[in-house]
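In my numbering, the protein residues as written are 447 to 791. Yeah, the Cβ is synthetic: ideal placement off N, Cα and C, and Gly gets one too. Fair warning: this is a prediction, and the values are worked out from it, not measured in the lab. Reading through the structure tokens given below for one structure.
See the structure below:
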């Protein structure tokens, strides 16, 4: 039976959304498409967590994501949430403090060996995330950084995707967006490289699945080597059908399918698009989250005294134009001080 539209039932104690809250696609269990039973399960899960002493991240959308991740089994969702909160309190001295203070100053050098970045949006309005695994050289990278800092950076990016990237994309699209569109480029990945990368990928994949559920919208695996498709066809038998539906395995002729999902002007030229950011697409962080009209400061940037830390990513903040700055007096996604607002003509 097709789901029936049902506007998100918000809890005034926890829900304070300043972006659209209904999903445009009728997917069962998603905001705007829940059943009365699922609404009751949200209430039940939140009540159990309150009884257990939890007061943060109990908003309705978060409850629904954890419930969907466990097929609306309230007890399993509760345990998943508790495990996530324990991890958040311990990882990097506390995830919220980490994302406020983390300075990944070695990023430009690391990206020479492992580019992983957000860049603009797909045709549905979701942020596009790109990883180029074929360039990975962990031996060279570990002379520049450590695995611990690489994983800390990844966690910070997960936090930034949740806020402010996705809210900004929602405002621009005019409807709710909770997921990303990801591109994993396997060009250059061979057996000799693969074995050295699996350990790292296993750790970051576990973080994504266990602590950031329901964030994958589509995944395009491009330049997949010969035999990869056959392996995936075997593996997908053990995956959730919903997850399998999101994954597209493509070889070298991927451009047509990729451009069907991502506007050409939003896709870097390296992948068949036409975008060439002045500072390089992999370091530009271009997207609605950098545009004055759609940006609002992320909740994690606010301290207890309601001030916002203004910590530059590097000693020299890159110059910003009117179209890529946050409103005057606020911090941008990367924590850089915004340029003054231009004088009226």
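Can you grab the Cα-Cα spacing for the pair residue i / residue j, in whole Å?
i: residue 719; j: residue 711; result: 6 Å
i: residue 479; j: residue 613; result: 19 Å
i: residue 649; j: residue 486; result: 34 Å
i: residue 695; j: residue 579; result: 15 Å
i: residue 497; j: residue 491; result: 10 Å
i: residue 665; j: residue 624; result: 14 Å
i: residue 726; j: residue 482; result: 48 Å
i: residue 674; j: residue 635; result: 11 Å
i: residue 686; j: residue 655; result: 12 Å
i: residue 745; j: residue 502; result: 12 Å
i: residue 545; j: residue 605; result: 7 Å
i: residue 647; j: residue 593; result: 11 Å
i: residue 669; j: residue 713; result: 16 Å
i: residue 551; j: residue 585; result: 19 Å
i: residue 702; j: residue 557; result: 27 Å
i: residue 484; j: residue 723; result: 44 Å
i: residue 555; j: residue 583; result: 12 Å
i: residue 568; j: residue 574; result: 6 Å
i: residue 456; j: residue 672; result: 49 Å
i: residue 618; j: residue 738; result: 11 Å
i: residue 679; j: residue 693; result: 11 Å
i: residue 517; j: residue 652; result: 19 Å
i: residue 542; j: residue 736; result: 21 Å
i: residue 489; j: residue 530; result: 19 Å
i: residue 747; j: residue 608; result: 13 Å
i: residue 505; j: residue 458; result: 9 Å
i: residue 595; j: residue 532; result: 20 Å
i: residue 715; j: residue 706; result: 15 Å
i: residue 475; j: residue 717; result: 34 Å
i: residue 590; j: residue 643; result: 17 Å
i: residue 588; j: residue 689; result: 32 Å
i: residue 463; j: residue 742; result: 12 Å
i: residue 740; j: residue 704; result: 26 Å
i: residue 683; j: residue 691; result: 12 Å
i: residue 709; j: residue 536; result: 40 Å
i: residue 500; j: residue 721; result: 44 Å
i: residue 570; j: residue 620; result: 11 Å
i: residue 553; j: residue 645; result: 21 Å
Could you tell me which residues DSSP pairs with residue i in its beta bridges?
i: residue 631; result: 578 and 668
i: residue 479; result: 452
i: residue 721; result: 714
To which residues of the same chain is residue i closer than 8 Å at the C-beta, ignoring the five residues directly before and after it?
i: residue 548; result: 538, 598, 599 and 602
i: residue 448; result: 472
i: residue 451; result: 468, 472, 478 and 479
i: residue 632; result: 579, 580, 667, 668, 669, 670, 671 and 674
i: residue 515; result: 523, 526, 659 and 660
i: residue 520; result: 487, 490, 491, 494 and 513
i: residue 540; result: 534
i: residue 791; result: Because residue 791 sits at a pLDDT of 32, beneath the cut-off of 50, its placement in the model cannot be relied upon, and the following sentence gives the value as read from the coordinates. Hits under 8 Å: none found.
Among the residues of its own chain, which have a CB less than 7 Å from the CB of residue i, if the five just before and after it don't count?
i: residue 477; result: 454, 467, 468, 469, 507, 510 and 622
i: residue 572; result: 615, 623, 625, 626, 627 and 663
i: residue 698; result: 669
i: residue 465; result: 613, 616 and 617
i: residue 559; result: 581, 582, 583, 586 and 587
Taking 6 Å as the limit between beta carbons, can you name the residues of its chain near residue i, skipping five residues before and five after?
i: residue 630; result: 577 and 667
i: residue 765; result: Unreliable placement is indicated for residue 765, whose pLDDT of 36 sits below 50; no coordinate value is reported for it.
i: residue 761; result: In this prediction, residue 761 has a pLDDT of 33, which is less than 50 and means its spatial position is unreliable; nothing more can be read from the coordinates.
i: residue 611; result: 573 and 735
i: residue 753; result: Any reading at residue 753 must be qualified, since the residue scores a pLDDT of 43, below 50, and its modelled position is unreliable; the value itself is stated next. Excluding residues within five positions, none has a Cβ falling inside 6 Å.
i: residue 461; result: 505 and 506
i: residue 700; result: 668
Please check if any C-beta of chain C sits within less than 8 Å of the C-beta of residue i.
i: residue 455; result: Any reference to chain C falls outside this structure, which holds one protein chain only.
Is residue i near the ligand NAD, judged by its Cβ being under 7 Å from some heavy atom?
i: residue 482; result: Annotation note on the ligand NAD: not contained in the displayed structure, which lists no ligands.
Sequence ranges, beta strand (DSSP E) only - wholly within the segment 660-703, length at least 3: As far as the segment 660-703 is concerned, its whole beta strand (DSSP E) runs of at least 3 residues are 662-668 and 693-695.
Run through the segment 498-574 for me and flag every whole beta strand (DSSP E) of 3 or more residues, listed as ranges in chain order. 562-567
Inter-stretch contact (C-beta, 8 Å, three-pair minimum) for the segment 525-536 and the segment 654-670: yes
With three or more beta-carbon pairs closer than 8 Å as the criterion, would you say the segment 562-582 touches the segment 728-743? The segment 562-582 makes contact with the segment 728-743: 3 or more CB pairs, one atom from each, lie closer than 8 Å.
Length at least 4, wholly inside the segment 574-626: the alpha helix (DSSP H) runs in chain order: 584-587, 593-606 and 612-619
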